[in-house]
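Undergrad: Have a look at this one.
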Amino acid sequence: LRAIAIGLVVLYHADLPFVGGGYVGVDVFFVISGFLITGHLLSSLDRDGRIYLGDFYARRVRRILPAAIVVLLCSVLIGSVLLPKLQQEATLRDAVAAALYVSNIQFARDAMNYLADPTPSLFQHYWSLGVEEQFYLVWPLLLLIGFCLLGRSKKRLFWMVAIVVAVSFAACLYWTGRSQPWAFFSLPTRFWELGVGGLVAFLMSRRVSIPPGVAAAGGWLGLGGIVAAGGLLNEQTLFPGSAAVLPVLATAMLIYCGGTESRFGPGRALSGAAMVFIGTISYSLYLVHWPLLIIAEQAGGTGALLTPLSKLGLLVAAVPIAYLSYRFVERPFQEFDLVARSRPRTILVSALVVTALVGAACLQGMRWAGQNPLDAGRAAASVPTSTSPIFSSYVPSNLYPSLRRASGDNPAIYQNGCHADPNEIESAGCEFGDPTSTTSVALFGDSHAAQWFPALESLALEGDFRLRVDTKSSCPSVAISKLLNDAPYEACDEWRADVIGELNQAKPDLVILS
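Taking my numbering, the leading residue of the sequence shown gets 288, the next gets one more, and so forth.
Structure, rendered in structure tokens:
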């Protein structure tokens, strides 16, 4: 099943047309993780009536941290040589977040910015590790506290988990339509997917015998649901939301029904040598495949977009690299006696020290990258007037804005709180210029209107008039049907109506709209 999940993810990243929804492979991983972790925790509760938190966290550290840190460090070192200098500060910033397992939070915050840099991060795939690690922090505590408070009853604990899953799913539905980046990246809106895997573990701990024929049909139906989700969904799908139900429930069905021996079920197909091998190295393959693609694409500069065929070639090359990572990084930390016999406290303290050192090193590297000059150290040459383009073979030191500042050189309205974000429904109604002037001008519209703010503000200061500004991302002043992330942009309609009402009362002398 892990092989199916990683296969969907890597084929999706290869931009193959028949796996437009391959990103659901991460959802499959979430359900698998929730199932396995909950199964271990329930076994501990059944056997000892408690959960050994130190042992649990130490096992998670040994399983996840070594390969993640090694791939992170290798990516930083190779990226420092091959990636454009302009991207290295942002890359190291993302490396810090990845080392601390908060990439999902950082990417959610970045995606909330209408003008966020669309360049894929070298550590973009670490977001799912952030979700899982945050889940691992709270899940055993939640089960242990619930078990103690609910009279040590697993049945009551099951229903408590079901309620938590339902609340998380409701939050997922709510935020997907209002703030899709947070719905996609945050733990509260993804918790239900891991929780569904947990519910399957509860059900299988008190398993009711399923007829082999029913189990086989359920298994194939689950496998078909996963494949269908990978083929039918695409980047235009509002995800996760209700669209995530198909891959999550299909995975849960496949796990539950796949546990029944049936020669007609999908178990034999999923147990082939190739599938087992890919599933075994799936974690390392997930870690290494994305940096290979990103470094190869970005190192070539502008226009060096990889074709699906060349991406497939890189993904094939990722397999032996992933095996080496599994063989010499993952396995030693799980199997060597010195590590396996170490006390949980020793492992956890070591993990904290390593994480802190890696994070600090990346943070210092980010500072150095931010201080390194990106220009050639000489000014642009003065040339006579020319009617044809004149090119420079170097980056002039007197370029304004500088390369480092260019991407953030936006109108001040994006920083002063007067430009409404996609979720706001009330007008800010900021005013600039001469507050005592009887002449008033209003600027009203979307980001196309916002770009005129600097010029109009200067005119207001020079021309003695009041400038009122009402602008909102992706929301034109004209009452036309508008979608945001494939959903009706209701916040735009409410905001527009509010602004028009205020303008009708204010009656400005001139309205400039876009």
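We put the CB at the ideal spot given by N, CA and C, even for glycine.
Just so we're clear, the structure is a prediction, and the values are computed from it rather than from any experiment.
Note down the Cα distance separating residue 322 from residue 488, rounded to an integer number of angstroms.
TA: 5 Å
Undergrad: My parser needs the alpha helix (DSSP H) runs of 4 or more residues fully inside the stretch 504–546; what are they?
TA: 532–545
Undergrad: Could you tell me how far apart the beta carbons of residue 409 and residue 367 are, in whole angstroms, since I believe they sit closer than 8 Å?
TA: Between residue 409 and residue 367, the beta carbon gap of about 11 Å keeps them out of contact (Cβ cut-off 8 Å).
Undergrad: Measure the alpha-carbon distance for residue 710 versus residue 463 and round it to whole angstroms.
TA: 12 Å
Undergrad: Grouping DSSP H, G and I as helix and E and B as strand, with all else coil, what is residue 795?
TA: coil
Undergrad: Rounded to whole angstroms, what's the CA-CA distance from residue 373 to residue 593? Just pull it up for me.
TA: 21 Å
Undergrad: Figure out for me which residue from 309, 332 and 355 has the closest Cα to the Cα of residue 570.
TA: 355
Undergrad: Starting from the C-beta of residue 303, find all residues in its chain whose C-beta is less than 7 Å away, skip the five residues before and the five after it, and write them out in chain order.
TA: 595
Undergrad: Taking 7 Å as the limit between beta carbons, can you name the residues of its chain near residue 249, skipping five residues before and five after?
TA: Residue 249 falls outside the range modelled here, since the chain spans only 288 to 801, and no answer is possible.
Undergrad: Looking at the structure shown, is residue 759 part of a helix, part of a strand, or coil, going by DSSP?
TA: If DSSP states are grouped into helix, strand and coil, residue 759 belongs with the strands.
Undergrad: Alpha carbons only, please: which of 557, 444, 707 and 443 is nearest the one belonging to residue 785?
TA: 707
Undergrad: So the candidates are 301, 699 and 731; which of them puts its Cα closest to the Cα of residue 714?
TA: 731
Undergrad: Would you list, in sequence order, the uninterrupted beta strand (DSSP E) runs of no fewer than 3 residues that lie entirely inside the stretch 416–442?
TA: none
Undergrad: Here's the rule I'm using: 16 or more other beta-carbon atoms within 10 Å means buried, otherwise exposed. How should residue 320 be labelled?
TA: buried
Undergrad: Where does residue 729 sit, in a helix, a strand or coil, going by DSSP?
TA: strand
Undergrad: Among the candidates 696, 521, 634 and 543, whose CA atom is the shortest distance from the CA of residue 497?
TA: 543
Undergrad: What span of residues does the alpha helix (DSSP H) with residue 294 cover, start to end?
TA: 289–300
Undergrad: So is residue 450 buried or exposed if we call it buried at 16+ other beta carbons inside 10 Å?
TA: exposed
Undergrad: Entirely within the stretch 296–344 and at least 4 residues each: give me those alpha helix (DSSP H) ranges in chain order.
TA: For the stretch 296–344, whole alpha helix (DSSP H) runs of length 4 or above, ordered along the chain, are 311–335.
Undergrad: If you draw a straight line from the alpha carbon of residue 794 to that of residue 705, how long is it in whole angstroms?
TA: 20 Å
Undergrad: Measuring straight from C-alpha to C-alpha, what distance separates residue 617 and residue 675?
TA: Roughly 59 Å between the two C-alpha positions.
Undergrad: Quick one: grab the DSSP three-state call for residue 683.
TA: coil
Undergrad: Go to residue 718, then tell me how far its beta strand (DSSP E) extends in each direction, as first and last residue.
TA: 717–720
Undergrad: What are the residues that DSSP puts in a beta bridge with residue 741?
TA: According to DSSP, which records beta bridges pairwise, residue 741 is partnered with nothing at all.
Undergrad: Determine the DSSP secondary structure at residue 370, reduced to helix, strand or coil.
TA: coil
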